[in-house]
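Novice: Residue numbers (my numbering): 1175 to 1286. Glycine included, every Cβ here is placed at the ideal spot set by N, Cα and C.
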């Protein structure tokens, strides 16, 4: 990540970094190009935590899905997905067990 807009640590949970960019490489998002969206913003959040196993990646946006047992509700990522989807955006997740996870959110820029 080349533009850390935020960086913080949560004890026991690793380090987090966030980044925002406007006008990113359009070819990375052909689905949005087909819909005629020309300007967009990319928001990227990266951690160096435990990562998400590949067999769980397809479930992480399901409401009430949690790996935290009684410590979580399983609503956080479901809510984020709903917000991004309602704004015609895309979420991409890349994760490697033992190394961390990167969430990339692409949102079209609204006209004023």
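DSSP beta-bridge partners for residue 1278?
Specialist: Residue 1278 pairs with 1218, 1266.
Novice: Compare the C-beta of residue 1229 against all C-beta atoms of chain D and say whether one is closer than 8 Å.
Specialist: No chain D appears in the structure shown, which is made up of a single protein chain.
Novice: Run through DSSP, which three-state label would residue 1249 get?
Specialist: It is coil, neither helix nor strand.
Novice: Can you find at least 3 beta carbon pairs, one from the region 1215-1232 and one from the region 1268-1283, that sit closer than 8 Å?
Specialist: Contact holds: three or more Cβ-Cβ distances are below 8 Å.
Novice: Under a Cβ-count criterion, where at least 16 other Cβ atoms within 10 Å of its own Cβ denotes burial, should residue 1247 be classed as buried or exposed?
Specialist: The residue in question, residue 1247, is exposed, as its Cβ has fewer than 16 Cβ neighbours within 10 Å.
Novice: Quick check: what's the CA-CA separation for residue 1262 versus residue 1213?
Specialist: Those two C-alpha atoms are separated by around 12 Å.
Novice: If I measure Cβ to Cβ from residue 1226 and keep anything under 8 Å in the same chain, skipping five residues before and after, which residues do I get?
Specialist: Correct list, in chain order: 1234, 1267, 1269, 1271, 1275.
Novice: For residue 1273 and residue 1224, I'd like the C-alpha separation in whole angstroms.
Specialist: Each residue's Cα considered, the two are about 6 Å apart.
Novice: In this structure, how does DSSP classify residue 1223 when only helix, strand and coil are distinguished?
Specialist: The answer is coil: DSSP assigns residue 1223 none of H, G, I, E or B.
Novice: What's the C-alpha gap between residue 1238 and residue 1252?
Specialist: Each residue's alpha carbon lies about 8 Å from the other.
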